[in-house]
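J.: Input: one structure, supplied below.
Residue numbers (this note's numbering), protein chains in the order written: chain A, 194 to 705; chain B, 9 to 371.
Structure follows, in structure tokens:
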């Protein structure tokens with residue numbers, strides 16, 4: 194393979210946005226039949242670099258060579274003609290069309306279009322690599338994993354032999370990830386070249402042949418995966434040595450803080466989302482919520498936060514003196530007025546927790562704008578808080594007057610978490626707090642959770658990475674289909690057991 | 009395939025303020041040049057003379073300056089009324105109807121109570137009634153939006169026509185003399201309900217009131233709790249609920265404010281300057297105000313500039329059509345071209361155009 198001309202060569206690629214340099218002088222090669230992992234922290238320019246190859250952006254400087262020939266890629270169509278296809282993090286599919294219609298959409302074919310022939314070709318691709326989709330199924334009927342499959346087939350249908358996948362596993366369950374990796378290996382065996390962007394080190398080590406590391410838009414180094422380990426990769430990515438262990442201090446004097454009894458919730462379409470949920474969250478303890486995405490995690494947190502209409506059941510807040518306050522039927526403002534400081538880091542950061550078009554200071558104001566004198570908001574304190582959060586959590590931002598939507602995902606999350614813990618809460622609810630975050634940022638967040646726990650806060654942590662849940666949480670509540678599948682001791686449980694409980698109530702084999 | 013594109017467009021992350029203004033000034037200059045060329049080609053007139061006539065038509069005499077100020081005041085009043093609604097992403101296209109209802113309220117009080125109660129009380133009642141009428145007209149679509157999520161764009165638009173019909177009806181009820189089909193000047197002899205003149209001009213009071221309202225609105229939107237709440241609701245309703253802002257309440261409250269200020273515009277027209285009521289009294293300012301507000305990005309202080317620009321263009325266009333005996337549409341063409349350039353330059357503020365570097369040889 195060494196003597197062969199690389200299928201894709203990048204030479205001194207530089208991409209700027211205004212004054213911001215996203216990629217600077219990046220050079221790298223991709224060989225035929227290899228899986229290359231592109232690893233870097235949030236905002237290190239991985240996606241931008243790949244977009245330049247896929248024809249979304251045009252780099253200011255540098256050359257791209259495909260199979261040894263210099264090319265100019267001005268549009269995704271140019272990229273396709275060169276056999277380059279990218280599967281983006283946010284799918285670009287039309288919901289009301291079928292899988293097959295989406296796959297052929299936008300193809301330029303002089304002859305009369307033949308959907309049957311297309312279907313046959315799709316089926317052939319599926320069989321070859323082991324995909325499992327029905328070409329006639331509508332996109333809106335599909336799960337996230339199926340949609341991703343359609344995106345991959347779409348790219349293959351167009352004859353791509355260089356595939357770029359941008360964080361493909363971020364939205365998948367562990368089982369789905371295994372399936373995807375199996376397919377990627379099939380494609381590699383078929384001679385395709387694959388570039389995969391991911392944050393998850395275990396996946397990099399599992400699937401890739403080579404790893405290229407970017408930091409702050411620059412090429413840092415590369416490893417042959419067989420010779421690398423998690424510690425080496427992390428150190429190279431972050432630029433300094435990082436410890437990869439999550440602390441789990443023993444809870445100190447845990448007392449009941451939130452008692453949920455018989456909670457039942459329906460969504461706006463009348464579909465049952467939570468059924469008879471009962472549990473207790475205690476002070477000085479992290480209660481993990483495990484479950485396949487969409488099994489009631491969102492509704493559970495929003496119920497406690499006062500954002501969800503509740504059919505039946507009770508959510509009691511237990512005061513220091515043991516008396517209870519009922520939270521059902523109260524909105525967030527009334528909960529605050531009761532003297533309960535409840536912080537909530539929702540899943541949809543820019544859709545719910547923050548306002549994308551407002552700057553950092555104005556976003557800090559969301560929680561405190563009522564504190565000002567009379568008619569006016571207090572503007573000074575929020576900006577000071579923003580400065581403080583930027584400093585303490587190492588938020589990468591030009592200033593506190595930058596619109597939050599211009600920050601990268603990890604920095605957005607730091608702003609949100611920073612604001613939520615600044616109010617010295619007694620209960621902290623977090624949903625997928627580290628989703629899309631790189632290792633370094635994730636560890637900052639875990640550390641913050643532990644600090645809150647040590648302060649005596651009742652932390653509820655909804656997570657998707659089982660390894661992290663098992664390392665971080667004191668107890669783990671497993672949700673399955675809107676019901677409590679079980680509550681386990683985080684120190685005395687194995688991953689397999691949790692995985693079983695996520696897919697079957699109680700985790701038993703015969704529970705179908 | 010093997011070539012760099014001649015131009016490619018990329019998004020700007022930021023632009024320094026003086027560059028932004030430079031782009032805008034270039035846009036205006038270019039617009040004037042293009043208008044001049046078109047004027048020469050189509051009419052054979054000297055464009056410099058045309059522009060001179062436009063400026064003369066707006067600033068030529070003291071009366072013209074007062075008319076300019078009065079027109080800016082009313083347009084600005086409606087524009088700042090629309091600003092909070094638009095900031096909340098509530099597309100209030102009913103400014104015309106809300107102002108007309110305010111005018112109807114003021115006229116009704118003048119006609120029905122004129123000379124029956126002391127003048128100061130009469131004016132006070134006029135203020136209350138016209139504000140209430142404007143607010144009422146705005147709160148109906150707001151209520152439906154808040155309660156059933158109806159489309160506010162269509163609803164507010166349709167309310168304009170209802171308002172026009174209502175005014176048409178009352179014009180007939182109160183017509184003077186009978187059969188004239190119009191009201192004429194209300195309380196011409198007693199001047200009851202006419203706003204006091206200050207500085208010898210009937211326009212100055214309106215200008216002062218609107219100037220104060222503009223500053224108050226700027227502070228309201230930028231620094232008040234209400235202003236913050238309505239911005240959050242506009243950006244994201246889930247976020248508003250997340251921090252316990254009552255979305256329905258904010259929608260209704262903001263529209264009461266928006267309608268009330270439109271009502272004030274109607275009041276100023278009836279009580280301050282025109283002293284009559286017609287269906288065309290507001291003259292489409294509810295829609296022109298939309299343009300003013302958008303151009304100024306909903307900032308009340310910038311609206312002073314944009315409303316001046318719009319009024320200047322309108323008045324200048326009217327002037328040149330009469331001075332040079334041109335078709336009425338000619339003024340609209342000029343206005344259209346200038347607005348095209350001003351709105352079009354926003355593209356260059358958000359995007360950068362990169363040209364191919366000619367020195368680079370492709371190997």
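Beta carbons are placed, not taken as given, at the ideal position from N, Cα and C, and that holds for glycine. The structure displayed is predicted, hence computed values, not measured ones.
I'd like to know whether the C-beta of residue 91 of chain B is nearer than 8 Å to at least one C-beta of chain A.
T.: So, not an interface residue.
J.: To be precise: take each residue of the stretch 537-553 of chain A, compare its Cβ to all Cβ atoms of chain B, and keep it if any distance is under 9 Å. Which residues remain?
T.: From the stretch 537-553 of chain A, only 537, 539, 541, 543, 544, 545, 546, 547, 548, 549, 550, 551 have a Cβ closer than 9 Å to chain B.
J.: Cβ closer than 7 Å: which chain A residues qualify as neighbours of residue 390 of chain B?
T.: In this structure chain B extends from 9 to 371, so residue 390 of chain B is not present and cannot be described.
J.: In angstroms, rounded to a whole number, what distance separates the CA positions of residue 564 of chain A and residue 228 of chain B?
T.: Spanning the two alpha carbons is a distance of roughly 16 Å.
J.: Buried or exposed: residue 212 of chain A, going by 16 or more other Cβ atoms within 10 Å of its Cβ?
T.: It is exposed - the Cβ of residue 212 of chain A has fewer than 16 other Cβ atoms within 10 Å.
J.: Kindly list, in the order they appear in chain A, the residues whose Cβ is closer than 9 Å to that of residue 231 of chain B.
T.: Under the 9 Å cutoff, chain A gives 565, 568, 569, 570, 572.
J.: In terms of residues, what are the limits of the alpha helix (DSSP H) holding residue 169 of chain B?
T.: Run containing residue 169 of chain B: 160-181, per the alpha helix (DSSP H) assignment.
J.: Rounded to the nearest angstrom, how far is the Cβ of residue 61 of chain B from that of residue 279 of chain B, given a contact under 8 Å?
T.: So it is not a contact: roughly 34 Å between Cβ atoms.
J.: Since residue 315 of chain B is in the alpha helix (DSSP H), which residue starts that stretch and which ends it?
T.: Run containing residue 315 of chain B: 308-331, per the alpha helix (DSSP H) assignment.
J.: Using DSSP with H/G/I as helix, E/B as strand and the rest coil, what is residue 335 of chain B?
T.: Coil.
J.: Closest Cβ-Cβ distance between residue 26 of chain B and chain A: below 8 Å?
T.: Not closer than 8 Å to any Cβ of chain A, the Cβ of residue 26 of chain B fails to qualify, so no.
J.: Per DSSP, which residues does residue 216 of chain A bridge with? Please list them.
T.: DSSP, once it has assigned bridges, lists A:208 as partnering residue 216 of chain A.
J.: Using the beta-carbon of each residue, which ones in chain B are nearer than 9 Å to residue 524 of chain A?
T.: Simply 249, 252, 254.
J.: If you draw a straight line from the C-alpha of residue 353 of chain B to the C-alpha of residue 57 of chain B, how long is it?
T.: Approximately 27 Å between the Cα atoms of the pair.
J.: Looking at chain A, is there any beta carbon in it that lies within less than 8 Å of the beta carbon of residue 169 of chain B?
T.: For residue 169 of chain B, the answer is no, since every Cβ of chain A falls outside 8 Å of its Cβ.
J.: When you check each C-beta in the stretch 481-502 of chain A against every C-beta of chain B, which residues fall closer than 8 Å?
T.: Listed in sequence order: 498, 499, 500.
J.: Give the DSSP bridge partners of residue 653 of chain A, in chain order.
T.: DSSP, once it has assigned bridges, lists A:480, A:622 as partnering residue 653 of chain A.
J.: Shorter than 8 Å from the beta carbon of residue 236 of chain B to some beta carbon of chain A?
T.: Closer than 8 Å: yes.
J.: Which residues in the same chain have their Cβ closer than 8 Å to the Cβ of residue 543 of chain A, if we skip the five residues on either side of it in sequence?
T.: Here the set comprises 549, 597, 598, 605.
J.: Could you pull the start and end residues of the beta strand (DSSP E) that residue 454 of chain A belongs to?
T.: 449-459 is the extent of the beta strand (DSSP E) around residue 454 of chain A.
J.: Strictly below 8 Å CB to CB, what residues from chain B border residue 558 of chain A?
T.: The answer, in chain order, is 236.
J.: Counting only Cβ pairs nearer than 8 Å, list the residues of chain A close to residue 243 of chain B.
T.: Near residue 243 of chain B (Cβ distances below 8 Å), the residues of chain A are 548, 549, 550, 551.
J.: Locate the alpha helix (DSSP H) running through residue 299 of chain B, then write down its first and last residues.
T.: Its alpha helix (DSSP H) spans residues 293-303.
J.: To the nearest angstrom, report how far apart residue 371 of chain B and residue 216 of chain A are at their CA atoms.
T.: At residue 371 of chain B the pLDDT is 35, less than 50, meaning the model places this residue with poor confidence; the figure from the coordinates comes in the next sentence. Their Cα atoms are separated by approximately 23 Å.
J.: Are the C-beta atoms of residue 529 of chain A and some chain B residue less than 8 Å apart?
T.: With 8 Å as the cut-off, residue 529 of chain A counts as an interface residue toward chain B.
J.: If we count Cβ pairs, one from each stretch, closer than 8 Å, do we get three or more for the stretch 418-432 of chain A versus the stretch 390-402 of chain A?
T.: With the cut-off at 8 Å, the stretch 418-432 of chain A and the stretch 390-402 of chain A touch.
J.: Please classify residue 219 of chain B as buried or exposed, where buried requires at least 16 other C-beta atoms within 10 Å of its C-beta.
T.: Burial call: exposed.
J.: Name the one or two DSSP bridge partners that residue 510 of chain A has.
T.: For residue 510 of chain A, which the question treats as bridged, DSSP gives the partners A:451, A:518.
J.: Could you check the C-alpha separation between residue 506 of chain A and residue 335 of chain A for me, to the nearest Å?
T.: About 32 Å.
J.: Determine whether the beta carbon atoms of residue 547 of chain A and residue 609 of chain A lie at a separation below 8 Å.
T.: Against a cut-off of 8 Å, the Cβ pair of residue 609 of chain A and residue 547 of chain A comes out as a contact.
J.: Find the residues of chain A that neighbour residue 258 of chain B, judging by a C-beta separation of less than 8 Å, and give them in chain order.
T.: Chain A residues near residue 258 of chain B: none, gap ~12 Å exceeds 8 Å.
J.: Could you tell me the alpha carbon to alpha carbon distance between residue 677 of chain A and residue 533 of chain A, rounded to whole angstroms?
T.: The alpha-carbon atoms of residue 677 of chain A and residue 533 of chain A are separated by roughly 26 Å.
J.: Is any beta-carbon of chain A found at less than 8 Å from that of residue 240 of chain B?
T.: Closer than 8 Å: yes.
J.: Pairs of beta-carbons, one from the stretch 361-368 of chain A and one from the stretch 318-330 of chain A, closer than 8 Å: are there three or more?
T.: With a cut-off of 8 Å, the stretch 318-330 of chain A and the stretch 361-368 of chain A do not count as touching, because too few Cβ pairs lie within range.
J.: Closest by CA to residue 406 of chain A, which one among A:311, A:233, A:252, A:451?
T.: The residue with the shortest Cα to Cα distance from residue 406 of chain A is A:233.
J.: Can you give the Cα-Cα distance for residue 195 of chain A and residue 396 of chain A, rounded to whole angstroms?
T.: Only weak support is given to the placement of residue 195 of chain A: the predicted model assigns it a pLDDT of 48, under 50, and the value that follows is read from those uncertain coordinates. If I take the Cα positions, the gap works out to 25 Å.
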